[in-house]
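Numbering-wise, my numbering comes out as the position in the sequence shown, counting from 1, plus 1179. Cβ coordinates follow ideal geometry from the N, Cα and C atoms, glycine included.
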Amino acid sequence: MSIDYKEFIIQVKRKTNIDLSLYKEAQMKRRLTSLYEKKGYTSFQEYFQSMNTNPEILHEFLDRMTINVSEFYRNKQRWDVLENKIFPRLLSEKKPLKIWSAASSTGEEPYTIAMVLSKYLPLSNISILATDLDINAIEKAKIGIYPERSLNEVPIEIKKKYFTAEGTFFRVSDEIKKTVSFKQHNLLADSFESNFDLIVCRNVLIYFTEEAKDLLYHKFNSALRTGGTLFVGSTEQIFNPQSYHFTIEDTFFYKKL
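As structure tokens, this is what we get:
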């Protein structure tokens, strides 16, 4: 690791409490180098000095850090499993459900959870905590307006029921928005609430080191009630779930023992 990048990691942690050493180095360095070069900087030190004095540069850094790529019903078959297998079991054990969408990006994931769960419960009985590191992503999520491509996998009847077309964009309904509470949260540094029935954390763990993933699987397990489920992304299979006190409930779904 270069001295320039090592120093940058220390400075960023001091300023934002984000620990870049827990992210895969090659991927993160590549992403940030292309960002600072576009701005005309020649080193991480120069880039950090600018971040320190210019809030816009800092916000752009946070945006790039948090990889906000999302869409509704991403990998639709997995959401079908949640709807037809996981939710019926969880609801047979307990109502209402305590649900957390971790690293919720611009809101597509928690809103999808609410739409899926609305098959079983009135929206007034649904409450989802959604958290993300990036405050800009959270603000976009609260607005709830999305390009058409974000809705590619949304079932037709759900699209009609919960979205309104506005030009080439779609606005999610206020009834769905009311089911979700957003707050800023750093997965790697902040404490977790407990007794969740379902934690959804998809397509973010792939950016972390093995040590960071290991830490998070243990923290997620502690945050779930016994019998609660962790739902991960399609590139994030846990190969040794029993070492984290999970059992496989379905592909990409892990039940706490």
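Inset, instruction - Following the continuous beta strand (DSSP E) through Ile-1385, name the residue where it begins and the one where it ends. - result: Against the sequence shown, residue 1385 aligns to sequence position 206. Ile-1385 -> no beta strand (DSSP E), and no H or E assigned at all.
Inset, instruction - Give the secondary structure of Ile-1337 by DSSP, where H, G and I count as helix, E and B as strand, and everything else as coil. - result: The residue you call residue 1337 lines up with position 158 of the sequence shown. Of the three classes helix, strand and coil, the one that applies to Ile-1337 here is helix, per DSSP.
Legend entry - Limits of the beta strand (DSSP E) - the one that Gln-1256 falls within: If you number the sequence shown from 1, residue 1256 lands on position 77. That residue, Gln-1256, is in no beta strand (DSSP E); its alpha helix (DSSP H) goes 1255 to 1260.
Inset, instruction - Name the two residues that bound the continuous alpha helix (DSSP H) containing Pro-1289. - result: To locate residue 1289, count along the sequence shown from 1; it is residue 110. Note, Pro-1289: alpha helix (DSSP H), 1287 to 1296.
Inset, instruction - Please go through the same chain and pick out, in chain order, the residues whose beta-carbon is closer than 6 Å to the beta-carbon of Ser-1413, but skip the five residues on each side of it. - result: Start at 1 with the first residue of the sequence shown, and residue 1413 comes out as number 234. Within the same chain, Ser-1413 has close Cβ partners Asn-1254.
Legend entry - Segment contact flag, the stretch 1337 to 1347 with the stretch 1267 to 1285, C-beta cutoff 8 Å, min 3 pairs: no
Inset, instruction - Within the same chain, show all residues whose beta-carbon is closer than 6 Å to that of Ile-1355, passing over the 5 residues directly before and after it, in chain order. - result: Counting from one through the sequence shown, the residue named residue 1355 turns up at place 176. Counting only Cβ-Cβ distances below 6 Å, and skipping sequence neighbours, we find Tyr-1290, Ala-1293 and Tyr-1341.
Legend entry - Tyr-1423 in three-state terms, based on DSSP: Your numbering for residue 1423 matches position 244 in the sequence shown. In this structure, Tyr-1423 counts as helix in the three-state DSSP scheme.
Legend entry - Identity of the residue in Ile-1305, Lys-1357, Ser-1297 and Ile-1427 nearest Ile-1337 by Cα: In the sequence shown, residue 1337 corresponds to position 158, counting from 1. Nearest C-alpha to Ile-1337: Ser-1297.
Legend entry - Through-space distance from Thr-1405 to Ser-1329, alpha-carbon basis: Position 150 of the sequence shown, counted from the start, is the residue given in the question as residue 1329. Position 226 of the sequence shown, counted from the start, is the residue given in the question as residue 1405. Taking the straight line from one Cα to the other gives about 34 Å.
Legend entry - Burial state of Gly-1219, where buried means 16 or more other Cβ atoms lie within 10 Å: Residue 1219 sits at position 40 when you count from the first residue of the sequence shown. Result: exposed.
Inset, instruction - Go through its chain and collect everything with a Cβ distance to Tyr-1299's Cβ below 7 Å, but skip five positions before and after it. - result: Along the sequence shown, read from residue 1 onward, the residue named residue 1299 stands at position 120. Hits under 7 Å: Phe-1266 and Leu-1270.
Legend entry - Supposed close pair Phe-1251, Glu-1332 - CB separation, criterion 8 Å: By 1-based counting over the sequence shown, the position of residue 1251 is 72. By 1-based counting over the sequence shown, the position of residue 1332 is 153. Going by Cβ atoms, the distance from Phe-1251 to Glu-1332 rounds to 6 Å, so yes, they are a contact pair.
Inset, instruction - Measure the Cβ-Cβ separation of Val-1383 and Ile-1307 and say whether it is below 8 Å. - result: If you number the sequence shown from 1, residue 1383 lands on position 204. If you number the sequence shown from 1, residue 1307 lands on position 128. Not a contact, by the Cβ cut-off of 8 Å.
Inset, instruction - Return helix, strand or coil for Asp-1429, following the three-state DSSP convention. - result: The residue given as residue 1429 occupies position 250 in the sequence shown. Looking at Asp-1429 - three-state DSSP - the assignment turns out to be strand.
Legend entry - Per-residue DSSP class, three states only, for Phe-1349: For this step, residue 1349 is matched to residue 170 along the sequence shown. Residue state, collapsed to three classes: strand.
Legend entry - Per-residue burial, Gly-1346 [other beta carbons within 10 Å of its own, 16 or more giving buried]: On the sequence shown, position 167 is the one that residue 1346 refers to. Per the 10 Å Cβ criterion, exposed.
Legend entry - Nearest neighbour of Ile-1305, chosen from Ile-1236, Arg-1268, Leu-1201 and Lys-1277 [CA to CA]: As a working mapping, residue 1305 is identified with position 126 in the sequence shown. The candidate whose alpha carbon is nearest that of Ile-1305 is Lys-1277.
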